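Residue numbers (full-length UniProt numbering): 1 to 197. Structure first, then comments.
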């Protein structure tokens, strides 16, 4: 497990020329609006409010680069699937995501966050396929696990694998921001990708 002694926002960017040039490995975090992405980031680094949680989905409209221990960066990308934005705004987001995912050399791993309680949505499927199109390694975090009985984990896990058609080399971690189940495993996988980059 990582001891996080330093965590702060480095920059919010919308274009490649604004990306940080520290050359540190990056872990991008993607998820449907309101799926618990900010809570995941905050519990992983033991902070309450580094990534803002909001009752209004779709608040992140930039790529937010967070410096973790001056060793690597978390990159919080806009939540997908939030309907109350204009088509032109969605197109801007789409271009921003493509610029980042298609060409960012520092990107070591993408963490895709899904709600473990429910079958992945069409948007979750599209996002996973999109990441695999760019040949990116993906760690799937199945969050809100504390809301379902452990006896149902296998059923939900098998549904998740089947619906997303998860590649054999990609990992899935069952996670709870409340009980912190899965935190150690998630760190272990992420560190493997950072160190092997």
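Positions of the beta carbon are idealized from the N, C-alpha and C atoms, including for glycine. Owing to the predicted nature of the structure, the values given are computational and were not obtained by experimental measurement.
Close beta carbons around residue i, own chain, < 8 Å, minus the five adjacent residues each side
i, result
"residue 43", "177, 180 and 183"
Assigned exposure category for residue i - 16 Cβ within 10 Å defines buried
i, result
"residue 128", "buried"
"residue 103", "exposed"
"residue 78", "buried"
"residue 16", "exposed"
"residue 170", "buried"
"residue 175", "buried"
6 Å Cβ shell around residue i - same chain, five flanking residues per side excluded
i, result
"residue 115", "35 and 144"
"residue 186", "173"
"residue 159", "119"
Separation of residue j from residue i, as counted between CA atoms
i, j, result
"residue 107", "residue 153", "31 Å"
"residue 48", "residue 141", "19 Å"
"residue 9", "residue 23", "16 Å"
"residue 156", "residue 138", "19 Å"
"residue 88", "residue 105", "28 Å"
"residue 65", "residue 25", "11 Å"
"residue 168", "residue 161", "10 Å"
"residue 94", "residue 136", "17 Å"
"residue 71", "residue 133", "28 Å"
"residue 192", "residue 31", "22 Å"
Contact belief for residue i with residue j at Cβ below 8 Å, rounded distance in angstroms
i, j, result
"residue 131", "residue 101", "7 Å"
"residue 111", "residue 194", "The pair is not a contact, with the Cβ atoms about 12 Å apart (cut-off 8 Å)."
"residue 67", "residue 19", "Not quite, the Cβ-Cβ distance comes to about 13 Å (not below 8 Å), so this is no contact."
"residue 190", "residue 63", "That pair is no contact at about 18 Å."
"residue 97", "residue 14", "Incorrect: roughly 11 Å between the Cβ atoms, too far for contact."
"residue 125", "residue 164", "6 Å"
"residue 150", "residue 117", "Their Cβ separation, rounded to whole angstroms, is 13 Å, which puts residue 150 and residue 117 out of contact at 8 Å."
Spatial neighbours of residue i in its chain, beta-carbon cut-off 7 Å, leaving aside the 5 residues before and after
i, result
"residue 46", "4"
"residue 11", "18, 20 and 65"
CB contact below 9 Å: residue i versus chain B
i, result
"residue 195", "Given the protein chain composition of this structure (a single chain), no chain B is represented."
Quiz prompt | Segments of 3+ residues assigned as beta strand (DSSP E) that fall wholly inside the region 17–44 | solution = 26–31
Exercise. Enumerate, from N- to C-terminal direction, the unbroken beta strand (DSSP E) stretches of 3 or more residues contained entirely within the region 65–133.
Key: 72–76 and 107–115
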